[in-house]
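Numbering (my numbering), first residue to last: -11 to 392.
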């Protein structure tokens, strides 16, 4: 809407938006590792939430495993702190409600700044002294997962956390830059090269279209289709988005130092942990730049007609929204979310999506207990609200359910 209305937030509004987004990064990354992904590597006690679980390949030494289990509970409290940090500026969490066109609704004062910093200090201590060491301990016990889950090795980032004012998202300085890493080469991001394709999606066929042009009709009986996800592509290429993509595009030294092993299950977990620390430390500087009493939003009028594009980085990766306003109302709205990039089906050239590519070649010891497959999938932090697809090559029935 900022782009469509031709407005931008004042400095206070920009900073508060960054604090809301950054706090959400932290809660999301902590949730993903400790409460969703780590349970694939840590053997917890035989009580919920540690059961039911996949059986088999748990390698952590007993003392490290016990500490990791304890960290599960500690991480719950830290995630709560991050939620509170978001709510201080966003009104509530989840689903903050303070971001509006042209800025935010929340006005900074000394008390809110103090409360935010107090929680942030505790969060930073956890990230640097618990989160990152736990990821390193897991990686040390599972070194083979630096060679599993390779994916497309093409990275896309829209950039996030603007550090200065300016209407052009791509030109203004950001904490995480926008860019493309394609076949080993760094390139500038060109949003007009983004298209959506539906050859293998449950939508009627059409030519590859840019997001603002895309019009789709469901076709649930379409031959060869296997997903309600469309296939976003950048210049026709399969891309990965997320913390690893942001790190590669930004040339983050600790992640880049891994070489090709960064493009892996453990590389994604490591990039996510490093990013949590980066964002947390940056927010400590940003929050102190807020000025009490200064404007937080830019006044505006809704245009009769306009088009807008909004590009940012959600915790899971590149997030783009495209809108078209007619007669003062939204006529067309399209969004491409991170999991659509990562979990996409084949495209018009039958190229596999990046997660599909990452799964190929994964060694599975027990097909009835596919723990290795789960580890690859969870390294992408898939959004189950974005899409779910279940398929088997031979179409056999896995389970039957009767719902009354």
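All C-beta atoms in this analysis are idealised placements derived from N, C-alpha and C, irrespective of residue type, glycine included. These numbers come from a predicted model, not from an experiment.
Beta-bridge partners of residue 300 (DSSP): 307. In the same chain as residue 55, and ignoring 5 residues on each side of it, no C-beta atom comes closer than 6 Å to its own. 304 is the residue among 214, 223, 304 whose C-alpha sits nearest the C-alpha of residue 256.
If you look at residue 15, you'll find it isn't in any beta strand (DSSP E); it sits in the alpha helix (DSSP H) that goes -1 to 18.
Beta-bridge partners assigned by DSSP to residue 167: 145. When the beta-carbon positions are compared, residue 199 and residue 184 come within less than 8 Å of each other. With three or more CB-CB distances shorter than 8 Å, the segment -7 to 8 counts as touching the segment 84 to 95. When DSSP reads this structure, residue 150 sits in a beta bridge with 162. Here residue 49 is exposed, its C-beta having fewer than 16 other C-beta atoms within 10 Å. Between residue 166 and residue 146, the CB-CB gap stays under 8 Å. Bridge pairing for residue 263: absent [DSSP]. By the CB criterion at 8 Å, residue 306 and residue 144 fall inside the cutoff. Rounded to whole angstroms, the separation of the alpha carbons of residue 98 and residue 33 is 44 Å. Bounds of any beta strand (DSSP E) do not take in residue 67; it lies within the alpha helix (DSSP H) bounded by 50 to 78. C-alpha of residue 106 to C-alpha of residue 25: approximately 28 Å in a straight line. By the beta-carbon neighbour count (other beta carbons within 10 angstroms, threshold 16), residue 137 is buried. Ranking 214, 126, 297, 47 by CA distance to the CA of residue 334 puts 214 first. Non-local beta-carbon contacts of residue 353 in its own chain, meaning distances under 6 Å to residues more than five positions away in sequence, are absent. For the pair residue 314 and residue 293, the CB atoms are nearer than the 8 Å cut-off.
Per DSSP, the beta-bridge partners of residue 91 are 88, 285. Assignment of residue 178 by DSSP, reduced to helix, strand and coil, places it in the coil class. Residue 338 sits exposed, since fewer than 16 C-beta atoms from the chains shown fall within 10 Å of its C-beta. About 7 Å separates the Cβ atoms of residue 323 and residue 308, confirming a contact at the 8 Å cut-off.
Our two residues, residue 163 and residue 224, have alpha carbons roughly 28 Å apart in a direct line. Across the structure, residue 123 and residue 53 are spaced so that their CA atoms are roughly 12 Å apart.
Secondary structure note for residue 121: it is in no beta strand (DSSP E), and the uninterrupted alpha helix (DSSP H) holding it is 120 to 129. Each of 36, 57, 89, 82 was checked against the Cα of residue 288, and the nearest Cα belongs to 89.
Beta-bridge analysis with DSSP links residue 322 to 310.
With respect to the 8 Å criterion, residue 342 and residue 140 are classified as neighbours on the basis of their beta carbons. Using a C-beta cut-off of 8 Å, the segment 145 to 161 makes no contact with the segment 244 to 262, since fewer than three inter-stretch Cβ pairs fall below that distance.
In this structure the segment 106 to 120 does not touch the segment 34 to 43; the number of beta carbon pairs closer than 8 Å is below three.
Given a length threshold of 3 residues, each whole run of the beta strand (DSSP E) inside the segment 180 to 208 is given here in chain order: 182 to 185.
Under the criterion of beta carbons closer than 8 Å, residue 346 and residue 326 do not qualify as touching, at roughly 15 Å. Across the set 361, 260, 284, 80, the C-alpha of 284 shows the shortest separation from the C-alpha of residue -4. Per DSSP, residue 351 has no beta-bridge partner at all.
Between the alpha carbons of residue 51 and residue 258 lies a gap of roughly 21 Å.
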